[in-house]
Structure formats: structure tokens, C-alpha cells
Amino acid sequence: MKLSFFTNRQYREEKILNWIAVGLLFFITSFVWVPSRDGVKTVFALGFLLPLLCVLPFRKPDFQFYGGWFTGLALIFATYATLTSVWSPDPNIDFFIIQWMVLAVWLCGVNWLVSQRFINWHYIVELLLLLGCVFGLVNLLVFYGDNALASRLSGLFVARNPNELGALFGILSLLAFCQWLKSNTFKLSIHYGLIVVCLLIPLVLCQCRGALLALAITSLLACFYIGMSKQKMVILAGLAMLSVLALAVSWNQLTVLSPDRFGSGFRDIIWQEVFSRSVNEHLLFGVGLEKEGRIIIPDVDVFHHAHNVWLDTFYRTGLIGLILALIHVFYVLQKFKPSETLTPLYLWLMFGLIASMFDYRGFFWEIDFKWFLFWIPVGLISAMQIQEKNDRYLKVGNTDDS
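Residue numbers (this note's numbering): -3 to 398.
Take a look at the structure:
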């Protein structure tokens, strides 16, 4: 390594920019192909965290430069959530301080990157769809090579349980559907249509109701905000009718093959118990965050979380934490302006918010699959807002010069 890396800030930042531009791609796509959560953490540390720690501490803090209130409100919530660990049954505040730093580096880093370099959103989407098709096929072949076709598909990579795998392929299907809606040639329509079908197969076989509901809602929103031709409208209407007909014909068989998928799966019991405890025992401040938190419900079972991100946030951080989380989410949502880049990202975020109502622990924890549902799109939305604003300034400047 050259001495100028340590003595010349401009040279150091240029090298680090090159590194994290690649690291960003590896990190976002790692949720598709990395075999474990530890693998995703390693990719983030090597591709993003460590390089940025050579830059961010030595730069003058600039509120707008690092994402403004997109980042500020997120870190206010994360700060309070970290403090709740102090009064939790198993305090582990050093763990959550590290998670706070990780989140801060992600949000500040992706905004710093976009202020210096152009982030090619189209390339990110294409890479996600390609990897999704490849690793989805691998997952199907390996899993059903050892299990009956009626078995509920689970994952081989970081999204292991069926709910996570369903959410992963739900998001990828949504992104592919957005590309299909935007396609303006027959060849591209066929291309993205086939990708949608390939990605829907694992989603359906996961039998994940939350992901299917999230995809249905966000797909309707995509049709509204992106628009579609009359031909595509006819195709979608026909496919919807065929799907309803197929579901009606096979309903009895489905209830026999997978009877557990038509019940609440203890969720109603968990939600009622957790809500009751939150209101009656820990209303304002919550029970506190724990590294390995457990929710014990006598005569039922022991659960890792409340199976609802909002309820889990309420239970762990109280009404104060829930309000701070809501303020951040509503701030991000009210900044929405339809565009080629921002519309798919906001739909991605909406998918995550809907799907996480049926599973997962609270918003703030270590890097896990929930990051793909929430913190990844939030960071990219913030960055793309800056990029589109910079593009508008450049266009205005070029117009003035001419």
C-alpha cells in the first residue's frame, strides 16, 4: 500500500470510493447468495464498514451530506433503542452500540458514496434478478431433491426459513414486475415476464402468506404509479382470472396438503399476549432490547420475537420507541415522488413494511434478513433522492450555460 494512502486524503478517498462502489453491490446482493448471516456481516465489514471508517471519522460532519433527516431520524430512533438495553432483563448495551455504529455507517456511507459517484440503480436491479433466478433454481433443485413436492420450501442461503425466503423472492418478483411494466418492446416484455415467472415459483412454494399479500398490494401500486399498456392490462387480467380459478379448483386439495398454512400459527396468541404485556407492564419505555431476547408464553411456547415488527418494537422499546420509528417511516414515505428509480425502491420498502407485519423482530438489531426488507431500501431511497437532486441541478446548470 502506498504511503500516499495515509498522507493524501484525496488519494485515500478516491481509492476507498472505488472499493465501496463494488462493496455496495456485493452487500446488497449478498442477501441472495451468501450462505449465512455471518457471511452477510463479513461482506458488509470488508466491502463497506472498514473502508468507510478510514474516511467518515476524518470528514467534517455535514447533515445534508449524509442524508439529512433520512439518516437523522433513523439514528435518533436507534439511539433510544440502544438505551433501552440498559433496563432490559439481559443488558448488553455494548452489542447495541456496535449495531448503532453499523447502521450509521450504512446510512451515512451510502449517501456519501452517491454524492461522489453515480449509483447505477438499473445495474443493481439486473444483478439482483440474475442472481435470484440462478440461486432460486439451485435452491429448488437441492431442496426438492431431498423433500416431497408438498413440503414447504426453505432456503439454503441467508434467507433460510420459509418466511424469509418468501419475502426475498417476493421483493425480487416485485422488482422484475416493475421492469416488465416499464418494458417498451416485445423482446423485453418476454424477457422480464419469464423472470417474473421464475421468481414467483419459489415464492409460491414457500407458502408464505405475508409475502404473497405484500406482493399483491405492491404490484397493484406498481400498476398505478408506473402504468401499463392496454395489452399488458389484458394479460394481467387474464392471469388473475386463471389464478383465482386454479385456486378455487384446488382449494380442497391445498387444505389437505398444507392444513397448517390455513391457521394463525399461534400468531394471534403471541400478538394478544405481547400487546397485553406492553400496555399493562412496559407502556412508555418497553421491556428493553436484548441480544438474545425470548418471549415466554406459559403453556404455549418460547418465541424469539413477537412475529410483528411493529408489535415487537412496541414491546421492546415502548410507546416512545414506536413513535420514533413511526416518525422515521412516515418521513421517508412522505418524501415519495414517482420516478424511474424511486418508485421501485419505495415499493420495495412498502413490501418490507407489509411483510414484516407477519414476522420478524423489531426494526433495530444486528444485520439480518430484515435489513433487506427495511434498512437497505431506506438507505438507497435516501441516496437516490440526493442523486436525482444533483441530476436536476446539473440539467439546470447546463440549460443556463447554453
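All C-beta atoms in this analysis are idealised placements derived from N, C-alpha and C, irrespective of residue type, glycine included.
If you're wondering where the values come from, they're calculated on a predicted model, not measured in any experiment.
- The beta carbons of VAL328 and ILE377 sit about 6 Å from each other, so the pair counts as a contact at 8 Å.
- Under the criterion of beta carbons closer than 8 Å, LEU125 and ALA172 qualify as touching, at roughly 5 Å.
- The continuous beta strand (DSSP E) containing VAL298 extends over residues 297 to 299.
- In the DSSP assignment, ILE293 is bridged to ASP297.
- In this structure, ARG263 and HIS303 form a Cβ contact; the two beta carbons are roughly 5 Å apart against a cut-off of 8 Å.
- Excluding sequence positions up to five before and after PRO31, its CB lies within less than 8 Å of the CB of LEU152, PHE153, VAL154, all in the same chain and listed in chain order.
- Under the DSSP assignment, MET224 falls outside any alpha helix (DSSP H); it carries neither an H nor an E label.
- From the listed residues MET97, ILE372, GLU160, the smallest Cα separation to TYR356 is found for GLU160.
- DSSP places CYS50 outside both helix and strand once states are collapsed to three, so it counts as coil.
- Contact check for TRP102 and PHE44: beta-carbon distance about 7 Å, within the 8 Å limit, so the pair qualifies.
- Measuring C-alpha to C-alpha distances from GLU336 to each of ASP297, VAL121, TYR62 identifies VAL121 as the nearest.
- Taken through DSSP and simplified to helix, strand or coil, SER272 comes out as helix.
- Counting other Cβ atoms within 10 Å of its Cβ, SER272 stays below 16 and is therefore classed as exposed.
- In this structure the stretch 204 to 214 does not touch the stretch 229 to 237; the number of beta carbon pairs closer than 8 Å is below three.
- The Cβ atoms of ARG312 and LEU285 lie closer than 7 Å to each other.
- Taking all protein chains in view, the Cβ of GLY63 is crowded by 16 or more other Cβ atoms within 10 Å, so the residue is classified as buried.
- The alpha-carbon separation between LEU79 and PHE91 amounts to approximately 11 Å.
- Taking all protein chains shown into account, GLY234 has fewer than 16 neighbouring C-beta atoms within 10 Å of its C-beta and is therefore exposed.
- Membership of ASP308 in the alpha helix (DSSP H) is indicated by the continuous run 305 to 330.
- Taken in chain order, the whole alpha helix (DSSP H) runs of length 4 or more contained in the stretch 159 to 228 are 182 to 202, 205 to 222.
- For the 7 Å CB-CB criterion, VAL192 and SER169 form a contact.
- If you check the CB distance, THR309 and LEU322 do not come in under 7 Å.
- Distance from the CA of ASN135 to the CA of PHE368, rounded to the nearest whole angstrom, comes to 19 Å.
- For SER150, the secondary structure class from DSSP, reduced to helix, strand or coil, is coil.
- Rounded to whole angstroms, the gap between the alpha carbons of ILE167 and LEU195 is 9 Å.
- Here GLU288 is exposed: its Cβ has fewer than 16 other Cβ atoms, across all protein chains shown, within 10 Å.
- Taking C-alpha positions only, LEU149 is separated from GLY314 by approximately 35 Å.
- Here PHE66 is actually not in contact with PHE40; their C-beta atoms are around 19 Å apart, not less than 8 Å.
- Around the C-beta of LYS366, 16 or more other C-beta atoms lie within 10 Å, and the residue is accordingly described as buried.
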